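Written out below as structure tokens is the structure these notes cover.
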Amino acid sequence: MANSSDGARWRRSFSDMVSLGGAAIAPLRRGLAVLLSALSDRAQAAFARHFDGGYDPSALDGPAQRGDGGIAVRNLSVGYGEHLALEGVTGDFAPASMTAIVGPNGAGKSTLLKVLAGIVRPMAGEVTCAALARHRLAYLPQQAELDRGFPITLGELVALGDWRNFGSVREPPPRLAASVHEAVATVGLEALINRQISELSVGQFQRALFARLLLQDADVILLDEPFAAVDESTTDELLSLLQRWREKGQTIVAVLHDLDRVRLHFPSTLLLARSPIAWGDTSLSLSADNLARAHITPGLPERGRFGRAA
Amino acid sequence: MRIALVASFALALANGPIGTLLLMRRESLSGNVLSHAVMPGAALGFLYAGYSLAALSFGGLLTGLFVAGLAALKTRARPRHQDVSLIAFYLVSLSFGILIVAARGSQADLMHVLFGTVLAIDVNALLLIASITSITLLVIAALYRPLAVESFDPAFLRAVGGGGGVFRAIFITLVVLNLVASFQAFGTLLAIGPMLLPAAAARCWTQKVWPMITLATAIGMAAALAGLLISYYANLPSGPAIVIGAGLIYGISLLAAGRTRFEPRIFEEQR
Chain Z
1 MANSSDGARW
11 RRSFSDMVSL
21 GGAAIAPLRR
31 GLAVLLSALS
41 DRAQAAFARH
51 FDGGYDPSAL
61 DGPAQRGDGG
71 IAVRNLSVGY
81 GEHLALEGVT
91 GDFAPASMTA
101 IVGPNGAGKS
111 TLLKVLAGIV
121 RPMAGEVTCA
131 ALARHRLAYL
141 PQQAELDRGF
151 PITLGELVAL
161 GDWRNFGSVR
171 EPPPRLAASV
181 HEAVATVGLE
191 ALINRQISEL
201 SVGQFQRALF
211 ARLLLQDADV
221 ILLDEPFAAV
231 DESTTDELLS
241 LLQRWREKGQ
251 TIVAVLHDLD
261 RVRLHFPSTL
271 LLARSPIAWG
281 DTSLSLSADN
291 LARAHITPGL
301 PERGRFGRAA
Chain C
1 MRIALVASFA
11 LALANGPIGT
21 LLLMRRESLS
31 GNVLSHAVMP
41 GAALGFLYAG
51 YSLAALSFGG
61 LLTGLFVAGL
71 AALKTRARPR
81 HQDVSLIAFY
91 LVSLSFGILI
101 VAARGSQADL
111 MHVLFGTVLA
121 IDVNALLLIA
131 SITSITLLVI
141 AALYRPLAVE
151 SFDPAFLRAV
161 GGGGGVFRAI
171 FITLVVLNLV
181 ASFQAFGTLL
191 AIGPMLLPAA
201 AARCWTQKVW
211 PMITLATAIG
221 MAAALAGLLI
231 SYYANLPSGP
241 AIVIGAGLIY
251 GISLLAAGRT
261 RFEPRIFEEQ
271 R
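Quick note, the sequences are listed as chains Z and C, same order. Residue 310 is where the first sequence ends in the working numbering, and the numbering goes up by one at each step. Residue 271 is where the second sequence ends in the working numbering, and the numbering goes up by one at each step.
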């Protein structure tokens, strides 16, 4: 059997091999850049369109650069096969507003977010969103939709938020490391920055995703059940982050279940049951009358609060 | 023998990163299906031109890409039923290919198409394998970032404007290309083995991508060397010997490191 010094030597030569592979990548990238610059303008434009989408370093951070964060929904219907998930949804998310989407299971809340994010195509009606077209819209799916086993570290995950400054093929700018650190510190995870995401708890992972949102600095932020299975203190901290973003002028739309939290933190609410029951000021939308019409019974414990959609 | 060794090493070089990416995307099942989708095309090539490298490879490439495109369409229409439709593709294309080869060729031809012959690889086949390996490595090196992000969080890549469908198509094309390259050596039934097994063994030892790729390549080469030696001295078929070598390393890795990170997607969807 190999003794420990043998093992150490093996490990060293293996890591040499790995770094050799890494060292080969840098000249390859540079070669690719040279090759690209030698191409004709048209070929370069085609490359940028197909393989280098989202590279837009001119988009500087800060409220001065903030675009129109409003979303207009007109007569929207969405169906999966024969089943209609959304029917005749019309309304507006104002710029810099903070709206909760509430409704029973199967009400089409997640579907609406996916339509706003441009992932699901509507059957009828239309959605106008300048931020989506400018790639300044951020969408956080339910955590179950993300692959937590993927081999990526927390730092790398957060760094992706700065995509517009490096795109598919470029070296990231030198200031990226500092801004990643700052974002990770803001959500209180400095100690874990080099951990694999599979080692994070649900709450920590959600904090990491919020740190990525910080770097993304989008005009519109869509969140699908961001606090499901997340501990109380994390939820409170992330909620205060949301408040800060709204004050900076970012539009926030979140699917939520906890009605008390919605009343406390979200000025507007869309009560949805395939079509809007109420849309506007939270205290008005969440009246007992409206909740009954949406088949929501207030007062049941957290998990079972909503009945099934009729 | 020397050509066979160089060919297997070249294959291992491309199969390391491709296999790792397949596992990371949890698409080992679709990789398996694609390897069988190469079969009918290769069989048609055989029917048309006998045992010619160009006809076999081109035919395999065509049906491989065709099935990949078909599967993509089907998945878009009904994502839930992906596993069943993939298995349907796999069974039908395999049977179809066997029927075609059996209708024209001999038992030996059939064995050849199903299990390949590393030792029969000539200089032309080696050139084909080497070109495919080079292309694969260059494309992965250039487009690694979007490939990885697209498999981890496609909605994010889309939202920041990075697109997505292009990279999926590129990756699947690379998989099919490498299956065609492996087809000569390992046949349609085993082509996926040297792609997946070393990567599966490597991910038992590390969670970081670059070490995983390096280790997968090294394991692939070790398995190729061991398998070739065994098949040479014990006069056994070489393709299965190499795959068994890789399988053994995977088994040992599982027992020794005992981590199972990437279960295939099919099990998750049935929760």
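Built from N, CA and C at the ideal position, the CB exists for glycine as well. The structure displayed is predicted, hence computed values, not measured ones.
- Closer than 7 Å to the CB of C:T188 there is not a single CB belonging to chain Z.
- Closer than 7 Å to the CB of Z:V253 there is not a single CB belonging to chain C.
- Residue-level contact by beta carbon fails for C:F115 and chain Z, as no gap is shorter than 7 Å.
- Listed in chain order, the alpha helix (DSSP H) elements of length 4 or more contained wholly in the region 4–56 of chain Z are 4–38 and 41–51.
- The C-beta distance from C:A42 to C:I121 rounds to 15 Å, too long to meet the 8 Å contact threshold.
- Restricted to the region 90–157 of chain Z, the alpha helix (DSSP H) segments that are unbroken, complete and at least 4 residues in length are 109–116 and 130–133, listed in chain order.
- At a cut-off of 7 Å between C-beta atoms, C:V84 does not count as an interface residue with respect to chain Z.
- The Cβ-Cβ distance between C:L91 and C:V180 does not fall below 7 Å.
- At least one C-beta of chain Z is nearer than 7 Å to the C-beta of C:G163.
- Closer than 7 Å to the CB of Z:S179 there is not a single CB belonging to chain C.
- Under the 8 Å Cβ criterion, the region 145–156 of chain C counts as touching the region 15–25 of chain C, having at least three qualifying pairs.
- Per the DSSP secondary-structure output, C:T117 pairs with nothing in a beta bridge.
- Annotation for C:S253: the continuous alpha helix (DSSP H) segment containing it runs S238 to A257.
- For C:T20, the closest of C:P194, C:V243, C:L126 and C:S57 by C-alpha to C-alpha distance is C:P194.
- Of the residues assessed, Z:K114 falls on the buried side of the cut-off, its CB having 16 or more other CB atoms within 10 angstroms.
- The beta carbon of Z:D217 sits no closer than 7 Å to any beta carbon of chain C.
- A straight line joining the alpha-carbon of C:P17 with that of C:T173 spans about 14 Å.
- Annotation for C:G245: A222, A223, A224, A226, G227 and I230 place their beta carbon closer than 8 Å to its own, counting only its chain and skipping 5 residues before and after.
- Z:L192 has its alpha-carbon roughly 27 Å from the corresponding atom of C:A256.
- Beyond the five residues adjoining it in sequence on each side, Z:D231 comes within less than 6 Å, by CB distance, of G203 in the same chain, given in chain order.
- Rounded to the nearest whole angstrom, the CA to CA distance from C:Y48 to C:A55 is 8 Å.
- The three-state secondary structure of C:Y90, taken from DSSP, is helix.
- Assigned with DSSP and collapsed to three states, C:A191 falls in coil, not helix or strand.
- Within the model, the alpha-carbon separation for C:A37 versus C:A155 is close to 29 Å.
- Per DSSP, the unbroken beta strand (DSSP E) holding Z:S275 starts and ends at S275 to D281.
- When the alpha-carbon of Z:L157 is set against those of Z:A208, Z:E182 and Z:D224, the nearest one is in Z:A208.
- Closest in alpha carbon position to Z:L272, among Z:D224, Z:I101, Z:R30 and Z:M17, is Z:I101.
- At a cut-off of 7 Å between beta carbons, Z:D162 makes no contact with chain C.
- The C-beta of Z:D260 comes no closer than 7 Å to any C-beta of chain C.
- Partner residues in the beta bridge of Z:A254, as assigned by DSSP, are Z:A100 and Z:L223.
- At least one C-beta of chain Z is nearer than 7 Å to the C-beta of C:F152.
- When DSSP assignments are scanned along the region 177–219 of chain Z, no uninterrupted stretch of beta strand (DSSP E) that is 3 or more residues long falls wholly within it.
- Of C:V33, C:G50 and C:V84, the smallest CA-CA separation from C:T63 is found for C:V33.
- C:L196 and C:L29 have their C-alpha atoms roughly 10 Å apart.
- For the region 3–20 of chain Z, the set of positions with a beta-carbon nearer than 9 Å to some beta-carbon of chain C reads F14, S15, M17, V18, S19 and L20 in chain order.
- Counting only residues of its own chain and dropping the five nearest sequence neighbours on each side, Z:F150 has a CB closer than 8 Å to the CB of I197 and S198.
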